[in-house]
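Report on the structure given below.
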Amino acid sequence: MIFLYPFLACFSLLITIFSMLVLNWIVVLFVDAKGNLPPWLSYFQTFDAPLPTGYLTGVMWLMRNPTYGFDYFVFGIPWDPDEWTVQLFRTNATRDFFIATSKNGGFNFYYLGTLGMYKFGWKAWNCFDSATGKFSGTFGDGSHVPICITFNPFKTKV
Numbered sequence: 003m004i005f006l007y008p009f010l011a012c013f014s015l016l017i018t019i020f021s022m023l024v025l026n027w028i029v030v031l032f033v034d035a036k037g038n039l040p041p042w043l044s045y046f047q048t049f050d051a052p053l054p055t056g057y058l059t060g061v062m063w064l065m066r067n068p069t070y071g072f073d074y075f076v077f078g079i080p081w082d083p084d085e086w087t088v089q090l091f092r093t094n095a096t097r098d099f100f101i102a103t104s105k106n107g108g109f110n111f112y113y114l115g116t117l118g119m120y121k122f123g124w125k126a127w128n129c130f131d132s133a134t135g136k137f138s139g140t141f142g143d144g145s146h147v148p149i150c151i152t153f154n155p156f157k158t159k160v
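Everything in the sequence shown is counted per the numbering used here, starting at 3 for the first residue and increasing by one.
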């Protein structure tokens with residue numbers, strides 16, 4: 003998996019950019035009364051929440067969460083907490099630093115601190131309970147953890 007990550011991450015970024023520039027403005031026209039896209043467009047929607055009503059509000063929601071279904075179902079990897087090991091976890095008032103690896107080659111690097119927020123790999127961090135130091139939860143329907151590629155120097159912990 004670690005060797006596939008650069009390619010999957012590039013595909014994810016390309017689909018995200020195309021979605022934000024073109025598709026999000028169109029697919030929102032297909033939202034049903036419950037706020038969901040039809041199955042053939044569902045990869046462009048979050049799996050855990052419907053789109054809000056209204057064209058611009060729907061577009062902005064998709065901009066905030068572009069191609070989430072792709073990242074979860076297509077580029078995500080199966081989630082089994084017993085397969086993951088935390089290699090490093092440090093947290094304090096100014097930063098969170100987390101590195102985990104899985105037996106199948108998955109990995110997660112997460113940093114939130116004075117230098118910003120950076121996430122690479124697959125979102126095992128979202129299933130980690132920092133109070134117990136163990137994986138305790140699931141993400142979405144529990145079957146996968148999505149791929150993540152986040153560079154945000156503006157979101158800091160302090």
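The beta-carbon is built from N, C-alpha and C at its ideal position, and this holds for glycine as well.
| Check | Outcome |
| --- | --- |
| Is the region 115 to 125 in contact with the region 140 to 150, if contact means three or more CB pairs nearer than 8 Å? | yes |
| Since Leu53 and Val33 should fall inside the 8 Å C-beta cutoff, what is the C-beta to C-beta distance between them, to a whole number of angstroms? | 5 Å |
| Please state the DSSP three-state secondary structure of Leu23. | helix |
| Return the first residue and the last residue of the beta strand (DSSP E) that Thr103 is part of. | 98 to 104 |
| Is it right to say Ala102 is buried, meaning 16 or more other beta carbons lie within 10 angstroms of its own, or is it exposed? | buried |
| For the structure I just gave you, are there three or more beta carbon pairs, one from the region 41 to 49 and one from the region 65 to 74, closer than 8 Å? | yes |
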